[in-house]
Each structure stands twice: as structure tokens, then as C-alpha cells.
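Trainee: If you count the sequence shown from 1, position 124 lands on 124 in UniProt numbering, and the numbers rise without skipping. The beta-carbon is built from N, C-alpha and C at its ideal position, and this holds for glycine as well.
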Amino acid sequence: MPRRKPDSDELHPTGGTAGDFRRRSRFAWAVTGSGHHLVECMELAFRLPDLDLFLSAAAEEVLPLYDYRIDALKVRCRVFRDRTASSVPVGMLYDDIYHTVVIAPATSNTVAKCAFGISDTLPTNIFAQAGKLEIPGIVLACDTQPVVVTPSPREWVELKPRNIELQNVERLRAVDHAVVVEDPQALQRALQARLDELGLAWNTSSS
């Protein structure tokens with residue numbers, strides 16, 4: 001049986017410096033409460049080397065609906081869960097640990113908060129702090145088209161994002177150090193480009 005990765009409660013910021021990207025070695029991947037492209041996003045996440053997952057409170061509710069149990073995720077990678085202050089996992093951004101922050105999938109709520117600089121959840125907080133540290137961010141926004149067809153746990157659903165949600169995606173594109181993508185294919189291309197920049201490669205196995 002695979003040995004469980006260290007739990008978030010076992011990890012603490014060390015107070016290291018934040019400027020040397022050569023010392024950074026991990027991907028920080030935040031998951032929000034959307035089922036849109038969730039399975040494809042998780043498959044890509046598990047192909048990355050040295051991955052840590054950051055879950056919003058809503059993500060903890062949604063993931064089991066798509067057969068991703070939190071205890072099983074902890075076997076595959078380090079998992080950080082949203083708590084009131086979120087200070088411990090966010091502080092690790094200052095410890096020369098993470099070279100890239102990914103939010104995928106990102107709900108319209110998360111996109112709006114990131115676009116307007118609001119950081120009151122674990123995903124939005126790590127996105128904001130990463131930007132201040134000039135750590136590149138990649139966001140897969142869910143509501144990017146006039147009509148979005150997405151799976152729910154029981155059936156496919158057609159959604160029509162409002163103008164304000166589409167506008168927030170465009171606002172997010174203007175945020176420093178952020179790349180916004182619209183589908184898993186574009187996300188994979190953005191991740192490939194980042195891996196190439198870092199001299200890294202995909203894992204050959206997602207187990």
C-alpha cells in the first residue's frame with residue numbers, strides 16, 4: 001500500500017526568503033467548487049511532478065461527488081484544506097517552495113475575486129500572494145463562453161454565463177503574472193509551456 005504523504009497539519013512555514021526561483025520545486029494547484037472540467041483538471045494535476053493540492057471549502061464538498069475522496073487524495077499528494085486564516089499553507093509561498101500556482105477549475109466566484117483582488121479563501125489567497133511574489137499563475141476559468149455545457153453528478157447541464165461573469169474573465173486576463181485558459185486542452189498547453197521553462201517533464205504515470 002502506498003505510504004501516505006505528509007498531511008497539511010504536519011507542515012509549517014519556515015520563514016525562508018522568497019526570491020530565488022531556482023530553489024522552488026513544487027506546483028501549487030488549487031481546486032474550487034466547480035464540476036466543470038473537474039475530472040480533466042485532476043488528471044492533468046496528477047501528471048505533474050511535485051504537486052500539492054489546495055482545496056476550497058466548496059471543493060471539499062464537490063470532489064467526493066466525482067469520486068475523489070479526500071483521504072485518497074492524501075495518498076497521492078500533499079493536501080491543504082481551507083481553514084479560517086489559511087496562514088500556514090499560504091505562508092509556504094514565501095518559503096521557496098512553489099514555482100507555479102494553478103487554479104483549475106475556477107468558479108465564476110473565484111474568478112471574480114481574483115480579478116478584483118479579493119483574497120478570502122485558500123485558492124484566492126494563494127493566487128494573490130503568488131502574484132505579489134511574481135510567481136506565475138494559471139487559471140482555468142469555467143464561465144468563458146455564452147453557453148457552457150457541463151456535467152453534474154447525474155446529468156449534463158447547459159448554463160448561460162451572464163455578461164458580468166464573462167467580463168470578469170477579461171478582467172482577470174489583465175492581472176499581473178496570470179494566464180487565463182478556457183478548456184483542458186489550453187490548460188495542458190499552458191502547463192507544457194511552464195514545464196519547458198522549468199526544464200521539467202510530465203510524470204509518466206499518474207499513480
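Can you give the Cα-Cα distance for PRO146 and GLU165, rounded to whole angstroms?
Mentor: Unreliable positioning characterises PRO146 in this predicted model, as indicated by a pLDDT of 47, which lies under 50. The coordinate reading is nonetheless provided below. Cα-Cα distance, rounded: 10 Å.
Trainee: Under 8 Å, do CYS142 and THR107 count as touching if we go by C-beta distance?
Mentor: yes
Trainee: Among ILE126, ALA201, SER34, which one has its Cα closest to the Cα of LEU65?
Mentor: SER34
Trainee: With C-beta atoms as the reference, is ASP52 less than 8 Å away from ALA72?
Mentor: no
Trainee: Which first and last residues belong to the beta strand (DSSP E) in which VAL179 is found?
Mentor: Segment 178-181, the beta strand (DSSP E) holding VAL179.
Trainee: Between ASP196 and VAL179, what straight-line distance do the alpha-carbon atoms span, to the nearest angstrom?
Mentor: 16 Å
Trainee: Taking only three categories from DSSP, how would you classify ARG81?
Mentor: strand
Trainee: Hey, quick one: how far does the beta strand (DSSP E) through LEU53 stretch, first residue to last?
Mentor: 51-55
Trainee: Taking the straight line between their C-alpha atoms, what separation do you get for VAL89 and GLN188?
Mentor: With the sequence shown as reference, residue 89 is identified as Pro, and Val is not the correct amino acid for it. Going from the Cα of PRO89 to the Cα of GLN188 covers about 25 Å.
Trainee: Determine the direct distance from the alpha carbon of ASP67 to that of GLY91, and round the result to whole angstroms.
Mentor: 30 Å
Trainee: Rounding to the nearest angstrom, what Cα-Cα distance links VAL102 and MET42 in this structure?
Mentor: 12 Å
Trainee: Return the CA-CA distance between GLY199 and SER25, expressed in angstroms with no decimal places.
Mentor: Their Cα atoms are separated by approximately 11 Å.
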